[in-house]
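Peer 1: Under full-length UniProt numbering, the residues of the sequence shown are numbered 1 to 322, in order.
For glycine and all other residues, C-beta sits at the position ideal for the given N, C-alpha and C.
I have a structure here, written as structure tokens, and I will follow up with some questions on it.
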Amino acid sequence: MTPPGPLSNRVKPGFSIVFTSCKAFKKMMGEVTDLAGQHEVIAEDLTSDVIKEITCLVKDFKEERKKCLQEGAKCMNSLSSQLSSLDRAKKNYEKAFKEAERALENFQRADADLNLSRAEVEKQRTNMSIKSQHCEESKTEYANQLQKTNELQHQHYHVLMPDIFRQLQELDEKRIRYIRNFMSHSAEVERKVFPIINQCLDGIVAASNEINEKEDTLLVIERYKSGFVPPEDIPFEDLSRESDTNTMNSTASKNTLPNSHTNHTGIRPDRTIKGTMSVKNKKRSALLGIFSSNKGLNEKDCFINPWNKGQTAEEIMSSAES
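As structure tokens, then:
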């Protein structure tokens, strides 16, 4: 038996089958399209209002932070350089002080030694005076460097670095403030489309509520019902009386005209086993076709309505649109 073709090929002219599930699915696709449009609106707003501004702010924050760090490094280098100058001045002062002490000791020993000439004593006195003067100069330089170092150190720890840290703090507070604003703005962008999204979701729910499985199945039944009643019981044929029946029928056929509704046995074709089965198969072939094997049919072809053997989901949607 040849299986029937797709449902769309078996529909009578002027007759359109539209399942409630197909209508609901079509409506849901429209609502999903609207949802996708709202998501595009959200993406566009976030791109233009948030992402673009964030990109500019990140660039500005990097530059400001780099500037603050450079100023801080400059202050640290200046203080370190001054501390090095102070250390050198202190070492020079310590060296000059020791040399002045040794010169004083040498002069005192020479002055106490009666064996040394007066010229030798004056030489030690002159050396002592030079070393003492050099010590005083080193001491003065050390004092000046110490004063400069203390002033710069006070300026560094009480003015310069606090100002740099204040700038960094303000910069970070500004960054955090923008994060707060961007988070709030992102929520507002999505909140603006909530009413439309809710309408789309309500539309999907409403479409699902329109699905009536009873109506869909009754529609298929109405389309494919045959209108024929079930066949009567198959009569019993007594083979022992077949010879007598053949004799009687041959006698009767000589005296009567042929009857188109009977055969040579006198029994109507649809009353025999063969006749009954052939008539039954002829009447019910349209329905029995759905139980025949069809290797070309896959699961997705019967997804929306498994009764539609041979009809694809695309054909069902096309039928719904028509």
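Quick check on residue 218: does DSSP put it in helix, strand or coil?
Peer 2: Three-state result, residue 218: helix.
Peer 1: Could you pull the start and end residues of the alpha helix (DSSP H) that residue 162 belongs to?
Peer 2: Run containing residue 162: 161 to 192, per the alpha helix (DSSP H) assignment.
Peer 1: Taking the CB atoms as reference points, tell me whether residue 156 and residue 79 lie closer together than 7 Å.
Peer 2: Going by C-beta atoms, residue 156 is nearer than 7 Å to residue 79.
Peer 1: Tell me where the alpha helix (DSSP H) around residue 113 begins and ends.
Peer 2: Where residue 113 is concerned, there is no enclosing alpha helix (DSSP H), given that its DSSP letter is neither H nor E.
Peer 1: State the Cα-Cα distance for the pair residue 196 and residue 208, rounded to the nearest angstrom.
Peer 2: About 18 Å.
Peer 1: If you follow the alpha helix (DSSP H) that residue 42 is part of, which residue opens it and which one closes it?
Peer 2: 20 to 45 is the span of the alpha helix (DSSP H), which, as asked, contains residue 42.
Peer 1: Taking the alpha-carbon positions, what's the residue 265 to residue 237 distance?
Peer 2: For residue 265, the predicted structure reports a pLDDT of 46, less than 50, and the residue's modelled location is therefore unreliable. A value from the coordinates is still provided. Using only the alpha carbons, I get a separation of about 12 Å.
Peer 1: Who are the Cβ neighbours of residue 194 in its own chain at under 6 Å, not counting the five residues just before and after it?
Peer 2: For residue 194, where only same-chain residues beyond five positions count, there are no Cβ hits under 6 Å.
Peer 1: Mind checking whether residue 178 and residue 138 have CB atoms under 7 Å apart?
Peer 2: No, they are not a contact pair.
Peer 1: By the three-class DSSP mapping on this structure, what secondary structure does residue 234 have?
Peer 2: In this structure, residue 234 counts as coil in the three-state DSSP scheme.
Peer 1: Alpha carbon to alpha carbon, how far is residue 216 from residue 226?
Peer 2: Answer to the nearest angstrom: the Cα atoms are 18 Å apart.
Peer 1: With residue 154 as the anchor, note down where its alpha helix (DSSP H) starts and where it stops.
Peer 2: From DSSP, the alpha helix (DSSP H) with residue 154 extends over 118 to 155.
Peer 1: Taking the beta carbon of residue 323 as the centre, do at least 16 other beta carbons fall within 10 Å, making it buried, or is it exposed?
Peer 2: Residue 323 falls outside the range modelled here, since the chain spans only 1 to 322, and no answer is possible.
Peer 1: Looking at C-beta atoms only, is the number of pairs between the segment 93 to 111 and the segment 122 to 132 that lie closer than 8 Å three or more?
Peer 2: With a cut-off of 8 Å, the segment 122 to 132 and the segment 93 to 111 count as touching, because enough Cβ pairs lie within range.
Peer 1: In angstroms with no decimal places, state the Cα-to-Cα distance between residue 271 and residue 234.
Peer 2: Unreliable placement is indicated for residue 271, whose pLDDT of 49 sits below 50; the coordinate value is still reported in the next sentence. Answer to the nearest angstrom: the Cα atoms are 7 Å apart.
Peer 1: Whose CA, out of 69, 90, 19, 65, lies closest to the CA of residue 171?
Peer 2: Cα-wise, what sits closest to residue 171 is 65.
Peer 1: By DSSP, does residue 284 sit in helix, in strand, or in coil?
Peer 2: Low confidence applies here, because residue 284 scores a pLDDT of 44, under 50, leaving its location unreliable; read the following figure in that light. If DSSP states are grouped into helix, strand and coil, residue 284 belongs with the helices.
Peer 1: Between the segment 156 to 170 and the segment 68 to 75, are three or more C-beta pairs nearer than 8 Å?
Peer 2: The segment 156 to 170 is in contact with the segment 68 to 75.
Peer 1: If I measure Cβ to Cβ from residue 142 and keep anything under 6 Å in the same chain, skipping five residues before and after, which residues do I get?
Peer 2: Only 89, 90, 93 meet the Cβ criterion.
Peer 1: Using a Cβ-Cβ cutoff of less than 7 Å, which residues in the same chain neighbour residue 110 once the five nearest sequence positions on both sides are dropped?
Peer 2: Excluding sequence neighbours, residue 110 sits near 116, 120, 121, 124.
Peer 1: Using a Cβ-Cβ cutoff of less than 7 Å, which residues in the same chain neighbour residue 32 once the five nearest sequence positions on both sides are dropped?
Peer 2: Same-chain partners within the cutoff: there are none.
Peer 1: For residue 96, which of 203, 136, 61, 22 has the nearest alpha-carbon?
Peer 2: Cα-wise, what sits closest to residue 96 is 136.
Peer 1: If I measure Cβ to Cβ from residue 86 and keep anything under 7 Å in the same chain, skipping five residues before and after, which residues do I get?
Peer 2: Result list for residue 86: 145, 146, 149, in chain order.
Peer 1: In whole angstroms, what separates the C-alpha of residue 223 from that of residue 18?
Peer 2: So the two alpha carbons sit approximately 12 Å from each other.
Peer 1: Determine the direct distance from the alpha carbon of residue 160 to that of residue 190, and round the result to whole angstroms.
Peer 2: Cα to Cα, the separation comes out at about 46 Å.
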